[in-house]
Structure formats: C-alpha cells, structure tokens
Amino acid sequence: MSTKPATEKPWVEAQHPATAALLNPSPALTLTAALLGFALITLDASVVNVALPSIGATLGGGMSGLQWVVDAYTLAFAALMLSTGAFSDRAGASRAYGIGIAVFTLASVACGLAPSLPVLVGARAVQGVAAAVVLPASLALVRQAYPDAAQRARAVALWAAGGSVAVALGPVAGGALTTVWDWRGIFFINVPLGAVALALLVRAPRSERRPAPLDLPGQLTAVVALTALTFAVIEGGGTGSAALAVAVVAALLFLRVEARQTHPVVPLGLFRSRSVTVAVAAGAACSVAFYGVVFLFSLFFQQVQGRSALYAGLMFLPMTGLIAVTNIAAGKLAGRFGPRLPMLLGQSSAAVGLLLLLYVDSSTPPALVALLLVPMALGCALTIPPLTAAMMDAVPSDRAGLAAGVLNSARQVAGGLAIAAFGSLVSGGFESGLRVSLALSAALLVVTAGATWGLRVTR
Numbered sequence: 012m013s014t015k016p017a018t019e020k021p022w023v024e025a026q027h028p029a030t031a032a033l034l035n036p037s038p039a040l041t042l043t044a045a046l047l048g049f050a051l052i053t054l055d056a057s058v059v060n061v062a063l064p065s066i067g068a069t070l071g072g073g074m075s076g077l078q079w080v081v082d083a084y085t086l087a088f089a090a091l092m093l094s095t096g097a098f099s100d101r102a103g104a105s106r107a108y109g110i111g112i113a114v115f116t117l118a119s120v121a122c123g124l125a126p127s128l129p130v131l132v133g134a135r136a137v138q139g140v141a142a143a144v145v146l147p148a149s150l151a152l153v154r155q156a157y158p159d160a161a162q163r164a165r166a167v168a169l170w171a172a173g174g175s176v177a178v179a180l181g182p183v184a185g186g187a188l189t190t191v192w193d194w195r196g197i198f199f200i201n202v203p204l205g206a207v208a209l210a211l212l213v214r215a216p217r218s219e220r221r222p223a224p225l226d227l228p229g230q231l232t233a234v235v236a237l238t239a240l241t242f243a244v245i246e247g248g249g250t251g252s253a254a255l256a257v258a259v260v261a262a263l264l265f266l267r268v269e270a271r272q273t274h275p276v277v278p279l280g281l282f283r284s285r286s287v288t289v290a291v292a293a294g295a296a297c298s299v300a301f302y303g304v305v306f307l308f309s310l311f312f313q314q315v316q317g318r319s320a321l322y323a324g325l326m327f328l329p330m331t332g333l334i335a336v337t338n339i340a341a342g343k344l345a346g347r348f349g350p351r352l353p354m355l356l357g358q359s360s361a362a363v364g365l366l367l368l369l370y371v372d373s374s375t376p377p378a379l380v381a382l383l384l385v386p387m388a389l390g391c392a393l394t395i396p397p398l399t400a401a402m403m404d405a406v407p408s409d410r411a412g413l414a415a416g417v418l419n420s421a422r423q424v425a426g427g428l429a430i431a432a433f434g435s436l437v438s439g440g441f442e443s444g445l446r447v448s449l450a451l452s453a454a455l456l457v458v459t460a461g462a463t464w465g466l467r468v469t470r
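Each residue of the sequence shown is one higher than the one before, starting from 12 at the first, in our numbering.
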C-alpha cells in the first residue's frame, strides 16, 4: 500500500489559503450542501399545499387536478426512494447528489413556467424523481464527510433538523410567496437555492462508486401499483375501477418478484419482526394524519373561510414551529424509557387532537383552529423519532439503510394516498368530508397505538 511522502503536507500548507481549502475541503461545507438539498426537497413536499387554490384558479382542473399536483411529487418520491440508495452507491454519492439537485432545479423552472395543469403535474413528477435521488445521496455525503462516529451523529442531527425547519417553513413560505408574488414563485425560489447547493457541492470531495444491486422488476411493479392505486382513489368511476384492477395485479406481481429476488427493494422478511411492522404502520398512520390535515386545512382556511394564502400559511406556524423541539424531546424520552412510551404518548395525543378538530366548522375562529392543530402535529412529532429507533434496533446493521428506505417510502406513500382519499371525500361536501377524513385518521392512530402497546419494552 502506497503512502504519501512526508513533504506533501508542508507543501500544501505553503500554498495560498484558497488552494489549501480546495485540497482540504471543510466537512462543514459538505454538511451545508447536503442539508440545503434535503431542506429543499422537504420544503417542496409542503410548500405547494397553501398555493393550491391559486393554482386551481389559474390552471383549472378541479379538486382532482389539485390532488395530482401534490401526489405526482409525493408518489414519485416515495416509490423511487426504494432503489435510489443503490443508485447513489453505484454512481457515487456526490455525483448522484449533483444530478438530483440539477434535475430538481430544472424541473422547478418547468413547474414555474407550466402553461397548463398536465404540464405542471408532469414537472412535479420529475421533481419527485429527483428528490428521491437527493435524499439518500445527501445523507451519504454527511456520512462521508464525518468519519468519526460522534461528529457524524451531531452532523446527522443537524441534517435532520434542516428537514424539520423546512416542514415548519413550508406553509408559511408558500403563503407568503403566493400572496406577494404568485403561485409560480414557490417553484422559482428553488432555482437560487439549487444553485447554491451545487456551488457548495463543488467543494465537497468526490465519492467512490460502489457496487450495489438494483431490483428493476420490483421497482417497476411498485411504481405501477402505487400510481394505479392513487389514480383509482382520485378519479373513481369506471376508469378508477380499471385502475384499481391494475393496482391489484401489479401489487401481486410485486410480491411475487420480491419473494424471488436475491436483493429485493423491499425484503419481505423484514416484516417478520413485530417491531418493524408496527414502526412502519405507525409511521404511515402519522403521515396520513399530518399530510392529510395540512392539505385539508390549507383548502379550509382559503375556500371555506375566505382567507388569503399568507393568512392560511401563518395559521400552520403554531403546529409546525414546535416540531423540531418535540423531535429532540422524543429522542431523549426514547433514550430513557425505550421507544414504546413516547410512541404511545405521541399516537394518543395525535388521535385526541384529530377528534378535537371534528368540532371545527366555517364559523370557528381561525386562531382557535390553529391552536387545535397543535396536538395532532406534536403527537406525530413525538412518535416518529422513537419508531425510527425501534425499527433500526430491530434489523441487522447491514440492513439499516434499506430498512430506513422502506420506512420513509411507506410514510410518503401513506401521505400521498391520504391526500388522494381525503380530497375525494371533501369534493362531495367540504365540512362533512373533512369530518370523515379526521375520524379515519384518528381511527388509524388508535389501531397503531394498540399495536404499539404490545411491543416489548426496551431501553
């Protein structure tokens, strides 16, 4: 094995500071680049909701069209996340990240310039594909920049906090940009942010390419099944029934393929663990509640109560502003008492919060609605970190990344399907559909809380 000559380090130190910085890139720059990309794709999952009425007024399409504006991004993101980790390894994390950010930025421009709803939906799907590439690559960059375990843990915590801040800012930023500029501004703002992320990436060290198997048949059948199921829920009628049949066939093919693959995108054996099954189910239930509520109340504040997009965005600030703090508290509780207690508290709080929202109607003061949204959001924020820890503890270390991908994909799929189902429910009568949607979300959380109760207590 070759070693560097002893004279190399003094030579580097003798160079101009800018040259030395290029040869010895700061890990903080890599972390900043990764954090910015993660925050960008997280922001785009929530920033659009508040702008939906404005998009509908400009491009038309009705409720189903608005559902597709959200779900085209969410489903592409969720379905492809199953295999983009392997793509990141094969291409190299830095290269995959650069490709993902570049495509995401260009797709954002296409969204902002979209002359019609189908063009916007198509561009949103491309954004989702790019986001699915960015997520695992950004986390891999953080791991690469911090070889020390303690430093890496702190860096990953900062990376995760960036996503929490983006979730908090999403509705407010969407409302502000839509009110001050136009709904197209929520997409154009991605261009300078994407450019900064790419500029920072230039300073990051190049990542090695690693062999990683790709399960293309499994990935393809998963995409077909999820897309067809979402189409069936949104569109309904005869075409919806046909789409449902396609979804069932594709799902059966997916299960058959995964049972036979050497390296499946979703190893079915993972679900032999009760902890894994409960974690995935609880994470999905929280996503149904959280993303469904943000979607519904974005429309409620504007279409039912006649408020502006900015006003609607500000009404979400109490519920989103405390998410990062609650995530930290949840981690500490899980560390002291094990994951079951905070999961139970979180799911129970979220369910109670949803039941309180059943009393909301068009005459309820918006400030009161904003306060009533808080228990649901904080309950979900209290649940996610410990359930993630429970799932990581239940799988071998060499499958931790794959298990995380399955969990995150399930959460995104659940959120997308919630928007599809709840949008269809409120299209027949907003307040009645809202109550049914809230009751269904609460019921799911009660069921998953019951399953959590049966988990073995660990510390």
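Think of the CB as a built atom: it goes at the ideal place given N, C-alpha and C, for glycine as much as any other residue. Fair warning: this is a prediction, and the values are worked out from it, not measured in the lab.
Enclosing alpha helix (DSSP H) for R347 [first to last residue]: Start and end: I334 to F348.
Any idea what DSSP makes of P377, helix, strand or coil? Reduced to three states, the DSSP call for P377 is helix.
Return helix, strand or coil for T43, following the three-state DSSP convention. DSSP places T43 in the helix class (H, G or I) of the three-state scheme.
Stretch pair the segment 382-402 + the segment 40-49: three plus CB contacts closer than 8 Å: No, they do not touch.
Is it a yes or a no for the segment 428-444 touching the segment 296-309, going by three-plus beta-carbon pairs under 8 Å? Below 8 Å, enough C-beta pairs join the segment 428-444 and the segment 296-309 to call them touching: three or more.
Who are the near neighbours of K15 in its chain, counting only those whose CB is closer than 7 Å to its CB and skipping five residues on each side? Confidence in K15 is poor, its pLDDT being 43 and thus under 50, which makes the residue's placement unreliable; the coordinate value appears in the next sentence. Result list for K15: empty, nothing under 7 Å.
C-alpha distance - L91 paired with A414, whole-angstrom precision: Each residue's Cα considered, the two are about 14 Å apart.
Selected residue, minimal CA-CA separation from I52, among L356, S149, V61 and T238: Nearest C-alpha to I52: S149.
With H, G and I counted as helix, E and B as strand and the rest as coil, what does DSSP make of L34? Unreliable positioning characterises L34 in this predicted model, as indicated by a pLDDT of 43, which lies under 50. A coordinate reading is not provided.
Residue burial classification, R283 (beta-carbon count within 10 angstroms, cutoff 16): A residue is called buried once 16 or more other Cβ atoms fall within 10 Å of its Cβ, and R283, having fewer, is exposed.
Quick check: A136 and A104, are their CB atoms within less than 8 Å of each other? Taking C-beta atoms as the reference points, A136 and A104 fail to come closer than 8 Å.
In this structure, does DSSP put A454 in helix, strand or coil? Correct three-state label for A454: helix.
Identify the continuous alpha helix (DSSP H) that holds V291 and give its terminal residues. Residues R285 to L310.
Reduced DSSP category for T273 - H, G, I as helix; E, B as strand; rest coil: T273 falls in the coil class under three-state DSSP.
7 Å CB neighbourhood of A462 in its chain, flanking five on each side removed: Non-local C-beta neighbours of A462 in its own chain, meaning closer than 7 Å and more than five positions away in sequence, comprise V289 and A292, ordered along the chain.
Report all residues from its chain with a CB closer than 7 Å to the CB of V61; omit the five preceding and five following residues, and keep chain order. For V61, where only same-chain residues beyond five positions count, the Cβ hits under 7 Å are P182, G185, G186, T189, S309, A320, A323 and G324.
By a C-beta neighbour count over all protein chains shown, 10 Å radius and 16 as the cutoff for buried, is T273 buried or exposed? For T273, the number of other beta carbons within 10 angstroms of its own is below 16, and it is reported as exposed.
For the structure I just gave you, are there three or more beta carbon pairs, one from the segment 85-100 and one from the segment 113-121, closer than 8 Å? Two segments are said to touch when three or more pairs of C-beta atoms, one from each, lie closer than 8 Å; by this definition the segment 85-100 does not touch the segment 113-121.
Using alpha carbons as the reference points, say which of M387, V406, T241 and Q423 lies closest to L449. Closest option to L449, judged by alpha-carbon separation, among M387, V406, T241 and Q423: M387.
Three Cβ pairs or more, each shorter than 8 Å: is that satisfied between the segment 200-218 and the segment 349-361? Contact between the segment 200-218 and the segment 349-361 is not established, with fewer than three Cβ pairs separated by less than 8 Å.
Cα-Cα separation between M1 and V207, rounded to whole angstroms: With the chain running from 12 to 470 in the structure shown, residue 1 is simply not present.
DSSP three-state assignment for V144, whether helix, strand or coil: Reduced to three states, the DSSP call for V144 is helix.
Measuring CA to CA, which of G357, A453 and F327 is closest to L365? The residue among G357, A453 and F327 with its C-alpha nearest the C-alpha of L365 is A453.
Going by DSSP, what residue range makes up the alpha helix (DSSP H) through I245? Per DSSP, I245 belongs to the alpha helix (DSSP H) from L227 to E246.
8 Å contact criterion, which A50 and A177 should meet: CB distance rounded: A50 to A177, Cβ: 4 Å. Contact.
Between which two residues does the alpha helix (DSSP H) carrying G76 extend? It spans G73 to A102 - the alpha helix (DSSP H) in which G76 sits, taken as one unbroken run.
Option nearest A253 by Cα separation, candidates G332, A421, A236 and L264: Closest in alpha carbon position to A253, among G332, A421, A236 and L264, is A236.
Cα-Cα, which of P129, C297, V363 and A341 is closest to R422? Ranking the options by Cα distance to R422, first place goes to C297.
Would you call the CB atoms of T241 and L131 closer than 8 Å? No, the Cβ-Cβ distance between T241 and L131 is not below 8 Å.
If contact is defined by three or more beta carbon pairs under 8 Å, each pair taking one atom from either stretch, is the segment 337-348 in contact with the segment 64-76? As far as the Cβ criterion goes, the segment 64-76 does not touch the segment 337-348, which means the pair count is below three.
Measure the alpha-carbon distance for W194 versus L146 and round it to whole angstroms. A direct Cα-Cα distance of roughly 25 Å separates W194 from L146.
Based on Cα-Cα distance, which residue from L180, A107 and V81 lies nearest to L54? Residue nearest to L54 within the set L180, A107 and V81 is L180 (criterion: CA-CA distance).
Using the beta-carbon count (16 or more within 10 Å), is P64 buried or exposed? By the neighbour-count definition (other C-beta atoms within 10 Å, threshold 16), P64 is a buried residue.
According to the neighbour-count rule (16 or more other Cβ atoms, all chains shown, within 10 Å of its Cβ), is A460 buried or exposed? By the 10 Å Cβ count, A460 comes out buried.
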